[in-house]
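Numbering (the numbering used here), first residue to last: 152 to 454.
Below: the structure, in structure tokens.
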């Protein structure tokens, strides 16, 4: 690309200036049964991150073609807060098993190129589709790049999840999908079983509401009838089996970490739990946890 004057010497330096390798970690899904683990690769400031960032700047506007994608819990709460359900509708979730290791890279690249072709993104750029494809292959066909799979899964939903892929009835955060459906549990189980028979590596597990409740991300959603309308009551979720203590204040960890716990956990409750009475109950539980973890009263009284 440098020889073809498509990038500058400065671009070349940026794209080849790092040779560090990435790290991998496991992120527990506390809202799921048996607490499965999501594999997360941190590729920031690693060997292929400059190329990943370079190609992302070119294709990032394709996110506007996605539907029902959730960025984080705060974004999800804003979306879900005004949703109303019919009386015969249920809450359920689909979990994509081992998403990152099962994305067919060639298919993902084809989808990206197809959507680029349907847009005018390359009109004012010196790059061809072949250039973009080569960059995508370099970024995706190695273990150093964490592909968020949004574009691939958006296409997969449109092609295979017809029964549940309904606007304002389906939301996805990475590999967790929340749906509002008229299927009962037996019908959902059969539907997921049929999905898993589709040729390919994408497989699902499912969870159906219990007592009108389901956990999604860091929230507990409860179907509630107010003024003859079924809405979703949103509350901060903490797994029942989670310890009733936090990082002990007398531990050797840095004070800034402990201060952040006192600061951030109340904020999380206030931003997530919508009902005032529930908020106070959650804050009281937090106070008790802090007391059991030897936090000073003067810190706890700030809540």
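We put the beta carbon where it would ideally sit given N, CA and C, even for glycine.
Among the bridge pairs identified by DSSP, residue 371 is matched with 366 and 386.
In this chain, residue 240 is not harboured by any beta strand (DSSP E), its DSSP state being neither H nor E. Of the residues 228, 413 and 356, the one whose Cα lies closest to the Cα of residue 399 is 413. Around the beta carbon of residue 358, 16 or more other beta carbons sit within 10 angstroms, so the residue counts as buried. Looking at 339, 187, 435 and 264, the one whose alpha-carbon comes closest to that of residue 280 is 264. Distance between residue 378 and residue 230, taken at the CA atoms: about 21 angstroms. The three-state secondary structure of residue 278, taken from DSSP, is coil.
The three-state secondary structure of residue 217, taken from DSSP, is coil. Residue 236 is bridged by DSSP to 381.
In the DSSP assignment, residue 327 falls within the unbroken beta strand (DSSP E) covering 327 to 332.
DSSP, reduced to helix, strand and coil, places residue 402 outside both helices and strands of the structure shown, so it counts as coil.
DSSP places residue 357 inside the beta strand (DSSP E), whose first and last residues are 355 to 359. A Cβ-Cβ distance of about 6 angstroms is found for the pair residue 371 and residue 364, placing them in contact under the 8 angstroms criterion.
Under the criterion of beta carbons closer than 8 angstroms, residue 451 and residue 433 do not qualify as touching, at roughly 14 angstroms. Of the candidates 347, 254 and 339, 339 places its Cα closest to the Cα of residue 241.
Residue 186 and residue 157 have their C-alpha atoms spaced approximately 47 angstroms apart.
For residue 323, the enclosing beta strand (DSSP E) begins and ends at 321 to 324.
Following the DSSP letters along the chain, one finds residue 315 in no alpha helix (DSSP H), marked with neither H nor E. Taking residue 236 as reference, the option from 271, 300 and 383 with the minimal CA-CA separation is 383. The C-alpha of residue 388 lies about 37 angstroms from the C-alpha of residue 205. The shortest CA-to-CA distance from residue 323 to any of 227, 417 and 268 is the one to 227.
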